[in-house]
Amino acid sequence: MPNAFGGFTHISPLSNATSSTSHPPDPQKALSSNCIRDYFGPVVQTVTDALHSRGPSTLHDLIAHIRQHCLRDVNEERNRLIEQLNASSGKGQAGKINMNKARGSEAAGFVTDASHIRASLIVLLHHGLVRVSGGGSKHASSRIHGTDDKPLTKPDPTSSTTHYTYTFLDGRARLLPRYPRYIQHSKSVMDENAAHIVEFLLFHGRMTAEDIISHVSGKLRSEDSSNKEQHQVLVDIVKSFRVLIESGYIKSVEPIASNRSLQDIQQQKESPNDGIKGGEVEFELNDEGEISSAGKRKRRSRSTSDVSKSKRRKISEETDNNYGGNKKDDEQVVSLLSPLRKLVPSGSQLSETEEEQHIRLAELGIFSPSDIIPFLSDETKQLLQTQIGGLAQNLSSNLLRMSKLQYPPIISELEETLGHPQGGKFEVSMRNLLHRLRHRIIHRVVTTHQGTVAARIINILQQRGHCESDIVAEDAMVPAKEAREILHRLHRERYICLSDMHLTKTHNSGTAIYLWNVIPSRLSKSVVDNICTALLNLRLRRQHEVEVGKDWMDRAKDANDENNSEEDKKKYQAFCKGLERLDSACLQLDETLMVLLDL
Amino acid sequence: MPPKRPPTVASGGAATKRKRTAISPVMSMTPSTNTIGASTSSTSATNGGGGGGGDGANSSNNPLRSEFLQLLSAPQYKGRGIANSALKSHFGDTKYPQLVPIINELTRASRLNMSKGISTTTGESEVYFSLLSVVEATKMQGLDAHSKLVYQVIESAGNKGIWTVDIRVQTNIPQATLTKIFKQLETRKLIKPIKAVTAKTKKLYMLYDLVPAKEITGGPWYTEGEFDHEFIAELRNFIILCVRRMNRGNGVSIKQISDKMIQAGVSRVQLSLVEVRQLVQTLLHDYVIEERGVTESGDALFVPAKKITTMCEFGWWDVLCKDFHFRGIRFEDDVYLTAHEPHHHS
Chain A
1 MPNAFGGFTH ISPLSNATSS TSHPPDPQKA LSSNCIRDYF GPVVQTVTDA
51 LHSRGPSTLH DLIAHIRQHC LRDVNEERNR LIEQLNASSG KGQAGKINMN
101 KARGSEAAGF VTDASHIRAS LIVLLHHGLV RVSGGGSKHA SSRIHGTDDK
151 PLTKPDPTSS TTHYTYTFLD GRARLLPRYP RYIQHSKSVM DENAAHIVEF
201 LLFHGRMTAE DIISHVSGKL RSEDSSNKEQ HQVLVDIVKS FRVLIESGYI
251 KSVEPIASNR SLQDIQQQKE SPNDGIKGGE VEFELNDEGE ISSAGKRKRR
301 SRSTSDVSKS KRRKISEETD NNYGGNKKDD EQVVSLLSPL RKLVPSGSQL
351 SETEEEQHIR LAELGIFSPS DIIPFLSDET KQLLQTQIGG LAQNLSSNLL
401 RMSKLQYPPI ISELEETLGH PQGGKFEVSM RNLLHRLRHR IIHRVVTTHQ
451 GTVAARIINI LQQRGHCESD IVAEDAMVPA KEAREILHRL HRERYICLSD
501 MHLTKTHNSG TAIYLWNVIP SRLSKSVVDN ICTALLNLRL RRQHEVEVGK
551 DWMDRAKDAN DENNSEEDKK KYQAFCKGLE RLDSACLQLD ETLMVLLDL
Chain B
1001 MPPKRPPTVA SGGAATKRKR TAISPVMSMT PSTNTIGAST SSTSATNGGG
1051 GGGGDGANSS NNPLRSEFLQ LLSAPQYKGR GIANSALKSH FGDTKYPQLV
1101 PIINELTRAS RLNMSKGIST TTGESEVYFS LLSVVEATKM QGLDAHSKLV
1151 YQVIESAGNK GIWTVDIRVQ TNIPQATLTK IFKQLETRKL IKPIKAVTAK
1201 TKKLYMLYDL VPAKEITGGP WYTEGEFDHE FIAELRNFII LCVRRMNRGN
1251 GVSIKQISDK MIQAGVSRVQ LSLVEVRQLV QTLLHDYVIE ERGVTESGDA
1301 LFVPAKKITT MCEFGWWDVL CKDFHFRGIR FEDDVYLTAH EPHHHS
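So the protein lines, in turn, are chains A and B.
Heads up: the first sequence at position 149 corresponds to 149 in the numbering used here, and the numbers run straight through without jumps.
In the numbering used here, each residue's number is its place in the second sequence (first place is 1) plus 1000.
This is how it looks when you write it as structure tokens:
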């Protein structure tokens, strides 16, 4: 099939999808890859796709894998010629001629420079899209577990034998298009300051508390024309920040570079010796992508491309902590944050173990009758108060009655109300409700995709288990031929399964018994894959429309109103409406994915 | 081997040169009837001089004949008939041989049907004699052995009918002859062709007076061999109305729905409780109604289903088509996104 997009590139050289197929082999990976390209660019997409195809990898392996696909066959003669030219010109590093060894342009995702790959990996790390594990080496076990003589130590990131493994987190990448909704949600649930904090964090990935508050206050100062006292503004921002942490919207994480390495880097800035120490050494590579040993530390190669320059700027901004900037604000910020150090520890080290976090989050959903009294309406409170027993007791008995409901189950009783000092402990039956909602969503998707009868047949098979087609036709009240057609269609879409039982040793389709059944996990996966494919296709179509119509849109915006014909205006409005429709469709699908996958 | 002549019973007269042979049955497929086609391979050579039994049997005033007819008309012998041993014991050794010409005459007149069955007393296989009515005899009169064989094969299939292929296999009669026999029998209103809903191109035959089984006709959901979608849709709508309006929406049972359907005369055929339950089940599977609670007698109650808003109201599954990116998209309010010219890889 010809390429529908022409010159519009949307895949990297390592992508599992081709440009001309609308059905990628793994729709969820293809969708996350497209989201990465949309937000971070083609080079980061190439690194993402390499991690997808290779699985958890070290940096060295990643670079080798990417180069395998992106390097072109170099003519030895040409290589020699360039070396001779460079040698004869004697212009030094600045005038050196470099040959482009990539198979295509960087805009198409062809990257060969190790520093670019490293920088992309840092971006992914920074935004929490990659998980780091390992740090193991030949001698790691004794170092990590410790021996009688030697104390327990962490692996040394400066060592050339220390390797970290990077794993891409698919699920996180799919959340990128939801960032505007997170900002909107925090604005509606809390306030504008919270929205700004969330926006900042989403944009930058991870920042220290001082940085966040300083930047948000700076932004508000530039936008807000009112003469609100600066201190009050900071107090409000810190308050919102605290609420965000306590509500679980943001959390503290380990920095990519350790505190010590940050301090070392700071010291290096003051000292003339430009030695490279600390966590940065983990990424010390030469042009060939080989990690240099500790003995001969040499200046790491610096690519001159814009991408790596911007990445380096970002890292240096992180370590800059605004020291040397507006010192007065910083002191205020630090002083405001000091009472919250338990929540926001210095350097953002983790203070809560995973187990503690799980316990805290699990207890969030449990409530007693007295906990919900403040949220009841006045009428309800009055009604319960007038009844015998009083407000608390009546509320407790009502909750108990609700917990007896079976269809659907809403509340479950965790601790008996009888004799309980707080009137019992209850929990909303989220799991049951979610299961029911997911079931209905799948039913709805199958109904809109394949028809009412198909959805009915799936329900019948889920209830009955393995069935022959005649039984299915009878229960669904459709002719047997129609039932068979629908069953085969559902089987082709991988919603249902077919198994056969042979009455004789040799295969004889005339005497075999064919049974249909539904495997819930497979049905769910097929529905999710279809939704991901639909979402990906809609996103690509939208991106292509914008790409193709870019010039025209710019002209339409800049055009003088007097000169515009009505028809052009109508076309432009219709075009914008079309894009809105595509956005709305993407939103619906994304929300559905949220319920099916992310809750 | 196919029979060559209609069955006869040889008389006991010494002057006859009829050759009495044992009845060699053609067994039918249905063990319940154990009907044997009256396809005896007996051959008989009538002797012109030895027809003594025949002359006597033809007399309608023969008291023995009347007694024989009366015996066969008795209610306990209707249907299956009387066994040969019972006949012997009733008439005794003296009169029994005199029955032969009577039996022959009645057989020639197609009034007597002979079949083989298992005796209830002895448990052994023996011949049974049953009387056909005058009307039936008139219909059967003049039919040759092949036709009678075909008739018996079709009769043995009961209300499920039998395919023409199966008749040919069982009777071993060539197709051309079979076609003539079918025509003859249809003209005499002895058999009728029907079409099964599962295989509309094939022809099924059954006895004229029988009502086809539900598996053949498809039950009340089929009209003239076609599935009646509209009828089912009407019934479903009626049930939805019942559930919403009866008992103020607090729930109705299947019995109450069925009674209401009969009262309203919605269905042209009487629907059983099983059939009404089938309709209600389809509504349950479509989440139009739901089960909530039981009556005092333990019957399930059905109420309108609560509407659950699922996120996915997305119905535009054309996006999954392979050529989606080549298509123009027209939205409901006439907004149109044109597809761009397809490009080929360079």
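Virtual Cβ for every residue (Gly too), placed ideally from N, Cα, C.
Treat the numbers as computed from the prediction; the structure is a model and nothing was measured.
Own chain partners of residue i with C-beta closer than 7 Å, once the 5 adjacent residues on each side are dropped
i	result
F367 (chain A)	F426
Y179 (chain A)	L202
L129 (chain A)	F168, L169, R172 and A173
E413 (chain A)	L400, S403, G424 and F426
V446 (chain A)	A454, A455, I458 and Y495
S15 (chain A)	S33 and D49
Residues bridged to residue i [DSSP beta-bridge criterion]
i	result
N86 (chain A)	Paired residue(s): none; N86 (chain A) is not in a bridge.
N600 (chain A)	A question about residue 600 (chain A) goes unanswered here, because the residues of chain A that appear run from 1 up to 599.
T1223 (chain B)	B:E1226
R80 (chain A)	DSSP lists no partner for R80 (chain A).
S469 (chain A)	DSSP output for S469 (chain A) lists no bridge partner at all.
N1113 (chain B)	B:S1130
P479 (chain A)	P479 (chain A) is not bridged to any residue.
A102 (chain A)	A:L71
E427 (chain A)	A:I366 and A:S412
V517 (chain A)	Reading off the sequence shown, one finds Asn at residue 517 (chain A), where the question assumed Val. DSSP lists A:C497 as partners of N517 (chain A).
Status (buried if at least 16 other CB within 10 Å, exposed otherwise) for residue i
i	result
D378 (chain A)	exposed
F375 (chain A)	exposed
I388 (chain A)	exposed
I1349 (chain B)	Residue coverage of chain B in this structure runs from 1001 to 1346, which leaves residue 1349 (chain B) outside it and unanswerable.
D1323 (chain B)	exposed
M430 (chain A)	exposed
V1026 (chain B)	Only weak support is given to the placement of V1026 (chain B): the predicted model assigns it a pLDDT of 36, under 50, and the question is left unresolved by the model.
G1049 (chain B)	In this prediction, G1049 (chain B) has a pLDDT of 40, which is less than 50 and means its spatial position is unreliable; nothing more can be read from the coordinates.
D1334 (chain B)	exposed
L350 (chain A)	Caution is warranted here: a pLDDT of 43 is assigned to L350 (chain A), below 50, making its placement in the model unreliable, and no coordinate value can be reported.
I513 (chain A)	exposed
K1180 (chain B)	exposed
S1032 (chain B)	No answer about S1032 (chain B) holds up, because its pLDDT of 39 lies below 50 and its placement is not dependable.
V253 (chain A)	exposed
E567 (chain A)	exposed
Chain-order list of residues whose beta-carbon lies under 6 Å from that of residue i (same chain, five-residue window excluded)
i	result
Y249 (chain A)	none
F1238 (chain B)	V1266
A585 (chain A)	L538
K1214 (chain B)	none
Chain-order list of residues whose beta-carbon lies under 8 Å from that of residue i (same chain, five-residue window excluded)
i	result
L582 (chain A)	L538, R541, R542 and E545
L337 (chain A)	A209, E210, I213, V238 and V344
L1273 (chain B)	I1254, K1255 and S1258
H466 (chain A)	S499, L515, W516 and N517
Q1184 (chain B)	L1143 and S1147
Residue i beta carbon near the ligand FMN (any heavy atom closer than 7 Å)
i	result
W1221 (chain B)	Among the components modelled here there is no ligand, and therefore nothing to report on the ligand FMN.
- Task: Using a Cβ-Cβ cut-off of less than 8 Å, list which residues of the region 1306-1325 of chain B approach chain A; keep chain order.
- Result: Here the close residues are I1308, T1310, M1311, C1312, E1313, F1314, G1315, W1316, W1317, V1319, L1320, C1321, K1322, D1323, F1324 and H1325.
- Message: So, does the region 491-504 of chain A touch the region 1280-1289 of chain B, judging by three or more C-beta pairs under 8 Å?
- Response: no
- Message: So, does the region 1266-1276 of chain B touch the region 1293-1311 of chain B, judging by three or more C-beta pairs under 8 Å?
- Response: no
- Query: Which residues, taken in chain order from the region 569-598 of chain A, show a beta carbon closer than 7 Å to some beta carbon of chain B?
  - Reply: A574, K577, G578, R581, A585, Q588, L589, E591, T592 and V595
- Message: Contact between the region 23-41 of chain A and the region 58-66 of chain A is defined here as three or more beta-carbon pairs at a separation below 8 Å; is this criterion met?
- Response: Counting C-beta pairs with one atom in each stretch, the region 23-41 of chain A and the region 58-66 of chain A have fewer than three that are closer than 8 Å, which means they do not touch.
- In the region 1276-1287 of chain B, which residues sit with their C-beta less than 9 Å from some C-beta in chain A, listed in chain order? Q1278, L1279, Q1281, T1282, L1284, H1285, D1286 and Y1287
- Task: Output, in sequence order along the chain, the residues in the region 521-552 of chain A whose CB is closer than 8 Å to any CB in chain B.
- Result: N530, I531, T533, A534, N537, L538, L540, R541, H544, E545 and V548
- Item | Meets three-Cβ-pair contact criterion under 8 Å: the region 1240-1247 of chain B and the region 1218-1228 of chain B | Output reads no: the region 1218-1228 of chain B does not touch the region 1240-1247 of chain B.
- Three or more C-beta pairs closer than 8 Å, one from the region 512-527 of chain A and one from the region 459-467 of chain A: is that the case here? yes
- In the region 439-450 of chain A, which residues sit with their C-beta less than 8 Å from some C-beta in chain B, listed in chain order? Answer in chain order: R440, I441, H443, R444, V445, T448 and H449.
- Compile a chain-ordered list of the residues in the region 1152-1174 of chain B whose CB is closer than 9 Å to at least one CB of chain A. none
- Message: Using 8 Å as the cut-off, can you tell me whether the region 590-598 of chain A makes contact with the region 523-533 of chain A, which would need three or more C-beta pairs spanning the two stretches below that distance?
- Response: Verdict: yes, contact present.
- Message: To be precise: take each residue of the region 64-76 of chain A, compare its Cβ to all Cβ atoms of chain B, and keep it if any distance is under 8 Å. Which residues remain?
- Response: none
- Message: Measuring CB atoms only, is the region 1158-1170 of chain B touching the region 1127-1147 of chain B, in the sense that at least three cross pairs come out at less than 8 Å?
- Response: no
- Task: Assess, as a yes-or-no matter, whether the region 1078-1095 of chain B is touched by the region 1147-1164 of chain B under the definition of 3 or more beta carbon pairs within less than 8 Å.
- Result: no
- Item | Contacting positions in the region 450-462 of chain A - beta carbon closer than 8 Å to chain B | T452, A455, R456, N459 and I460
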